[in-house]
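Asks: One structure, as structure tokens, below. Some questions next.
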Amino acid sequence: MLGVQMQRLLCWLTVMFSGCMCAVTIADEPQFSRDILPLLSDRCFACHGPDPSQRKADLRLDTREGATAKVIVPGDAAGSELMRRLTTLDADLQMPPVEAHKPVLTAAEVQLFADWIRAGAPWGRHWAFERPLRVSIPEGRHPVDVLIERQLERAGLTAAAEAPAGVLLRRVSFDLTGLPPTPAELASDLTWNQHVDRLLASPHYGERMAMWWLDAARYADTDGFQADATRDNWPWRDWVVDAFNSNQSFAQFTVEQFAGDLLPNASAEQRLATCFHRNHMTNGEGGRDPEESRVDYVLDRVNTMGTLYLGLTLNCSQCHSHKFDPITQRDYYGLTAFFNSIDEDGRAGRSAKPYLAYESRHVARAVAEAEQLVAERRPREQQARVAAEQPFAVWLEEQRAALRGGAKSWHVLRGALESVEGTLLEQDAEGVIQASGPNPRQDDYRLSAAVGLSRVTGIRLEVYPHASHTRGGFSRGLSGEFILTDIKVQVRQRDSSVVRDISVSGAVADFSPSQKEARSYGDVRGVLDDDPRNGWTTRGAPAIVPHAAVFELTTPLVISADEELVFEMRQRSTDGDSNLGRFRVFVTDEAGPAVRSTGSTPCELLALVEGAPDEALRGQLMEQFLEDFEPHRVARKALAVAESQLREVQAAKRVEVMVLAEKAESRPTFILERGLWDRHGDEVQRGGLSEIAPLNGSGLTRLDLARWLVSGEHPLTARVLVNHLWQLCFGVGLVRTPEDFGVQGERPDQAELLDWLAVECVESGWDVKHLLRLIVTSAAYRRNSDVTSEQRERDPDNRFYARGARFRLPSWMLRDAALHAAGLLNPALGGPPVRPWQPPGVWEENFMGRFTWVPSEGAARHRRTLYAFWRRSIAPTFLFDSAQRRVCEVRSIRTNTPLQALTLLNDENYLEAARSLAVRVAGQSEPLQELSLRLLSRRLRESERLVLQREYDRALGYYRGDADAAKRFLGAESVLSEGQESAVLAALTATASLLLNLDEAVTHE
Amino acid sequence: MSDNRLTVQQAVARRAFLGNGLQSAAGLAALACLQRAACGASGSPAVGQSNPRAKRVIFLTQSGGPSQLELFDNKPGLLKWAGRELPDSVRRGQRLTTMTAGQKQLVMPSRVRFRRCGESGAEISEWLPHLQGVVDELCLVRSLYTDEINHAPAMTKFLTGHQLAGRPSMGAWTSYGLGSENSSLPEYLVLISKMQRPSDQPLYDHYWGSGFLPSRHQGVKLRNSREPVLYLRDPDGLPRELRRGMLDGLTELNQQHLEQSGDPEIAARIRQYEMAWRMQTSIPELADLSDEPEEVFELYGPDSRRPGSYAANCILARRLAERGVRFVQLFHPDWDHHSRLPSWCTARCRDTDQASAALVVDLKRRGLLEDTLVIWGGEFGRGVAGQGQWDSIEAGRDHHPRCFTMWLAGGGVKSGISFGATDDFSYNVAVDSVHVRDLHATILDLLGIDHERLVYRHQGLDFRLTGVESAKVIKAIIQ
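Just so you know, the protein sequences line up as chains A and B, in that order.
If you use our numbering, the first sequence corresponds to residues 47 to 1051, in order.
If you use our numbering, the second sequence corresponds to residues 138 to 616, in order.
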């Protein structure tokens, strides 16, 4: 008992204490919807709320009838059982009970209940379920400011002054286009309203808005589950950009996305719009019932609509009637019925019908861009080939001279032998290794040897029959056949305990039967994949003769004298009893054709010919030479990337976009008991939210559902929308739980303002640009964001908007801003996804090598983040705190972690921007001020300039003393132009990187 | 009170300190929760848990569903059922995946020999010879079950308590609830075995995600590359002393801005850059195994010399435990043996057996096992019926959610015991069932956290790892 009392006492003390922080509250009579309902919901509804299945003591407190029938006597607080239960110290009687783990009521909250009951316990509806009405605004005043100033006045807070012009232009440029202003824009003499109009007219406005919408619409370029297959829904992304740029009314925007396919004479674009409801994840996992998946998708659409349009946690009603809001399970499934008859079957990957075959007008530009890159690189590759002719001729002569005594391309490996399971292995004078002794079912052999070459390009394995083997075959096992399941190549430094893995890219054998099934033995390439269910065997060969296999290393392995090569042969087949009996291992340092065939190497062939080699052999030798001819190797690789990029965009000319289309015959819809896909309850008809916004009628379609949302009668849609728009400009919404306008959500900080904007939204014809213009032309938007200690104490969260909004910019804006400031940004709109730089190996790790992210090159590398390929299972690594794009997310997440610091310091996107900035400002009279102007939109104060100058000088001194470091820091592709000093550029790059990491640089000031 | 455990008061201070305006509502909820826990710790044992047995967790996650029938749950009686149809009385309407729903459920006895080992006499498969040697340190739980039959939902439930992605993972909850013992390393680290084989079950990063918890609680993946944590390496040509200068300059400029702006978030950013600087030293040091003596590699087996291997990751896990990291999670993929059990499953055993056993031995001899909880297991088990022709070596087993085996060691768990049992077919739990949420409750309990108290307010609801259904702490396996 003591514990409970202590707990209450301490919690009361806590409240009293935090009360001393003097946070502003505006006191007046308790209002049911503002003061009482949230408490009832949070502490009582779980057991005494709308969900009958959880109701205790047959008491419900979510209706006045229920409450006054039992525990509340209006006008008589002392006589109300409720008050007794709230104030008792008897743990058996107190509410909420200890086992509910709900916070006990504070003294102030208990007082609220008492005052409210004394006032007659007036009941009401939750504010968000009443239609918004707006108060009148004096002529000629800005409505946003009138309403905010009223609250400020009541709270006795003083509004901050307007922020400096540069800060403001930076703020509004980010909010409306996601990009910072250029120095020229900062210097222009446009008025504020002209700037706003300019920004709203910019094509980058649509991109900025699309990023918001894509996060909410859980857009991604892959399925998200299992194979995480790629989909081609990006034309929908471009549709969204267009819709915002052309300022399509939000009502029409909604109708087309929900039901574009049902509009009379629907255009391809209107059908494309419905991809909105196909952006959910899809699961093609092997053992899954497609119907279960299909049901998941239907529910996801309703949940997305709930979060994004209604600000309701509809998903809570999937398993039971909502515990807090008046949403029944029947309502929920009535909504799912609108989406239950899509002509889909729950499949994923490329079988996720219905599709729309679509040709995007944005592809031609992407193709032209890719063609140009190929056109730039092809001549370079040809030039490099021509440049190779002369050194090749010299090399060829050298080879001919050197090979006169006969060629030996392959060198036998001799060294220490180990077997995991105990087979005895012995190497003879010729290097042939013979197995004897125990003959385990499976075994791994390991040969560790010094190589004697300065590099290794490939490994050759020869296997031999022997009389001591079963039937004179390859193995002492039952059948005499061998099965090599996997190989591993490693390097180990002498006296070091750690090895490194060497990647093997190719395997060929003189006998390597192709297989009917992926999981059986034959094909030698099976030894490269760590899978014991496939591998190399020569079973089925016409005669028992020696065989050979050659393995090519991905890149030539440079090996030092104190390093050993470790070659591991794993024999872990299902069949077992197939371990190699006799074999020999070789290495070579010849690149190219030599390690791609088991036959004689080009050098070996050359040694056999008298005089000049014929064309074919000369060609092979040239290939080998080019492998090691650096200029050509680089040029060829660059060309290959460009060609591959071109093929990719050419293939995007016509794509299949996932869209909505109705089945000829509707599926019946049932309540799913406990939300389980196969537990059908009562059948339900399409309908709305019976208690909040009913929608009745027969023959209702998705079109009716969309119109219900944007009719202007709906209490939630417009409020939720203007709250999103406010959040885009202030970092938080007027309702700070944008996903929950229900009873458990937060109340609006500025209820009259929210409602005024909501009514304005409807009356303006859902004009998004108009609403944004209204917000950013207010004085409240333009305030200085510096915070005084008094403000921080009295209004820590800036709920009264006495100061400007200060918050960290989303990470996608940071990347775009860095590219833009550095003059790198490719401003093109639309088209197939691109791949910005990302560290190598990230996809491979999660998918064990199945997917590889190859960064785009050329202009495609510097597109806006909006266009970056989004693999749902691994979001782009240069982003942080981004929406996960798995389910609808509407709240901005902002954390502050060391990993973010590392990203901004070391990600190549930012380093590239820093280098490019350095090139642009070098040689200017005030390079540091120029950097600041581009990155912070303002000049440095002297105290700041001194710090920056000091760091610049330090870096300059360092790089003047170490030219090589400067070169490495500036990257392989030199950014130096005529007359620039590399030490200066490196120092400026370091300085630009420092500025990119400033708190101010990443912040909406 | 132990000096290493973050006290609740410290936790409150820490949270108030890091909390930002945006998440203030959620932050306050957590704060209130912790304050209540504080009340409990000082006043009433009925509120909150305050007796941590484990300070940290090493979770050896075996992705794909290892077969309990081949590894832990010996059913010699199945021989007489070989090739016969599984009785309906056993199957009781169990859902199958679409991979085997069309075929007859013919019983396939395991072909593996089991051995009674150690003083406890627990039976372990011959495929796990090293584990046999440490059986007296283990607590085998043979009666786990889950509700999910496909990988992604089952693994998501196994790690986050819910089958749909979006909830915080166990490691994130732990980080959120307990904070850090080491100021130079993240609280939750993830290590994935490097395999050459493309896996059919990708490891989604939501498996170690923070869900709706602040993202600093999400698992940080230690990669087996030159750069163990993404972006850890400074660019080529930028020496440390220059970086230090840059950071000093950055701090000065941020400090100047802080004085003008007054936003405490700037102070937080300054600290994060310092932490990043420290991580640039502490993580490479940690990941570099060259200071480990030869006998350690011998203990963990030959594969431990290969960076990125499961065995090397086990050594890393021990190093992380030594450094006080709260939650270390290894992932070893490819336990989904629908076919060719004798080669496929043994290959994964070979990857993991010696190192898993070595980790237990190594922790013990260093005195770390008593407060480090080691957990081994996957998202579900495998069915008694053969998939494919039951009597051929081609056969495998399909997914099975109704029973599977895991083992735990150290961290206040009883050693040398087996808990729970399945029926004669290893199909249903017969005794002492343990739902995955019971496992979650138990793990949190061992860490000194009451699973009903560790809540986070999101979308108007108080979420917890164990979800809304009741979960029980398995007291019987706790010392």
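The beta-carbon is built from N, C-alpha and C at its ideal position, and this holds for glycine as well.
Being a predicted model, the structure only gives us computed values, none of them experimental.
Closer than 9 Å, CB to CB, is residue 434/B near chain C or not?
Replies: Any reference to chain C falls outside this structure, whose protein chains are A and B.
Asks: Please name the residue in 861/A, 862/A and 828/A whose C-alpha comes closest to that of residue 852/A.
Replies: For the residues 861/A, 862/A and 828/A, the minimum Cα distance to residue 852/A belongs to 828/A.
Asks: Using a Cβ-Cβ cutoff of less than 6 Å, which residues in the same chain neighbour residue 499/A once the five nearest sequence positions on both sides are dropped?
Replies: If we look at residue 499/A and ignore the five residues flanking it on each side, its Cβ neighbours are 635.
Asks: Does any residue of chain A have a CB that is nearer than 9 Å to the CB of residue 267/B?
Replies: False, the Cβ-Cβ gap to chain A never drops below 9 Å.
Asks: For residue 39/A and residue 527/A, which I take to be in contact (beta-carbon distance under 8 Å), what is that distance rounded to the nearest angstrom?
Replies: One cannot answer for residue 39/A here, as it falls past the ends of chain A, which runs 47 to 1051.
Asks: Going along chain A in order, which residues have a C-beta closer than 7 Å to the C-beta of residue 303/B?
Replies: Near residue 303/B (Cβ distances below 7 Å), the residues of chain A are 932 and 933.
Asks: How long is the line joining the alpha carbons of residue 813/A and residue 327/B, rounded to whole angstroms?
Replies: Their Cα atoms are separated by approximately 47 Å.
Asks: Once you ignore the five residues that flank residue 561/B on each side, which residues in its own chain have a CB closer than 7 Å to its CB?
Replies: Contacts found: 212 and 214.
Asks: According to DSSP, simplified to helix, strand and coil, what is residue 551/B?
Replies: Three-state result, residue 551/B: coil.
Asks: Could you work out which residues of chain B lie near residue 949/A, taking near to mean beta carbons separated by less than 8 Å?
Replies: In chain order: 367 and 368.
Asks: Which residue or residues does DSSP assign as beta-bridge partners of residue 388/A?
Replies: DSSP lists 708/A as partners of residue 388/A.
Asks: Excluding the 5 residues preceding and the 5 following residue 406/B in the sequence, name in chain order all residues of the same chain whose CB lies nearer than 7 Å to its CB.
Replies: Correct list, in chain order: 391.
Asks: Using beta-carbon positions only, say whether residue 706/A and residue 284/A come within less than 9 Å of one another.
Replies: Their beta carbons are not under 9 Å apart, which means residue 706/A does not touch residue 284/A by this criterion.
Asks: At 4 residues or longer, and completely inside the region 960-1004 of chain A: list those alpha helix (DSSP H) runs for me, N to C.
Replies: The region 960-1004 of chain A contains these whole alpha helix (DSSP H) runs: 973-982.
Asks: Based on the DSSP secondary-structure assignment, which residues constitute the bridge partners of residue 254/B?
Replies: Note: residue 254/B sits in a beta bridge opposite 259/B.
Asks: What residues in its chain sit with their C-beta under 7 Å from that of residue 496/A, if we drop five residues either side in the sequence?
Replies: The answer, listed in chain order, is 461 and 610.
Asks: Do the CB positions of residue 91/A and residue 104/A come within less than 9 Å of each other?
Replies: It is not a contact, given that the beta carbons lie outside the stated cut-off.
Asks: May I ask you to report which of helix, strand or coil DSSP gives residue 609/B?
Replies: The answer is coil: DSSP assigns residue 609/B none of H, G, I, E or B.
Asks: With distances taken between CB atoms, is the gap from residue 89/A to residue 142/A smaller than 9 Å?
Replies: Against a cut-off of 9 Å, the Cβ pair of residue 142/A and residue 89/A comes out as a contact.
Asks: My output table needs one value for residue 870/A: the three-state DSSP class, helix, strand or coil.
Replies: Residue state, collapsed to three classes: coil.
Asks: Taking 8 Å as the limit between beta carbons, can you name the residues of its chain near residue 639/A, skipping five residues before and five after?
Replies: The answer, listed in chain order, is 647, 648, 666, 669 and 670.
Asks: Here's the rule: buried if 16 or more other CB atoms are within 10 angstroms of the residue's CB, otherwise exposed. What is residue 854/A?
Replies: It counts as buried.
Asks: So, for residue 937/A: in the same chain, excluding its five sequence neighbours on each side, which residues have a beta-carbon less than 7 Å away from its beta-carbon?
Replies: For residue 937/A, where only same-chain residues beyond five positions count, the Cβ hits under 7 Å are 784 and 785.
Asks: Below 9 Å on C-beta distance, what does residue 139/A contact in chain B?
Replies: The premise fails here: residue 139/A is roughly 17 Å from chain B at the closest Cβ pair, so nothing lies under 9 Å.
Asks: Are the region 1029-1049 of chain A and the region 950-960 of chain A touching, with three or more C-beta to C-beta distances below 8 Å?
Replies: A contact exists between the region 1029-1049 of chain A and the region 950-960 of chain A.
Asks: So what's residue 276/B in DSSP terms, helix, strand or just coil?
Replies: Correct three-state label for residue 276/B: strand.
Asks: What in chain A is Cβ-close to residue 444/B, meaning under 9 Å?
Replies: Within 9 Å Cβ-Cβ: 544, 545, 546 and 547.
Asks: Please state if the CB of residue 620/A and the CB of residue 480/B are separated by a distance shorter than 9 Å.
Replies: Cβ atoms of residue 480/B and residue 620/A: closer than 9 Å.
Asks: Leaving out the 5 sequence neighbours to the left and right, which residues in its chain are closer than 6 Å to residue 549/A when beta-carbon positions are compared?
Replies: Here the set comprises 600.
Asks: Quick one: which chain B residues come within Cβ less than 7 Å of residue 1043/A?
Replies: Here the neighbours are 387.
Asks: Using DSSP bridges, identify the partner residues of residue 518/B.
Replies: In the DSSP output, where bridge partners are listed per residue, residue 518/B has 537/B.
Asks: Select from the region 386-405 of chain B all residues with a C-beta closer than 7 Å to any C-beta belonging to chain A, and list them in chain order.
Replies: So the close ones are 386, 387, 389, 390, 391, 393, 394, 397, 398, 399, 400, 402, 403 and 405.
Asks: Could you name the residues of chain B that residue 887/A contacts, counting a contact when the two beta carbons are closer than 8 Å?
Replies: Within chain B, the residues near residue 887/A are 360 and 362.
Asks: If we count the other Cβ atoms within 10 Å of its Cβ and call it buried at 16 or more, is residue 815/A buried or exposed?
Replies: Answer is buried; the Cβ neighbour count reaches 16.
Asks: Taking three-plus beta-carbon pairs below 8 Å as touching, is the region 687-700 of chain A in contact with the region 413-422 of chain A?
Replies: Yes, they touch.
Asks: From the beta carbon of residue 311/B, is the nearest beta carbon of chain A less than 9 Å away?
Replies: Taking Cβ atoms only, chain A never reaches closer than 9 Å to residue 311/B, which makes this a no.
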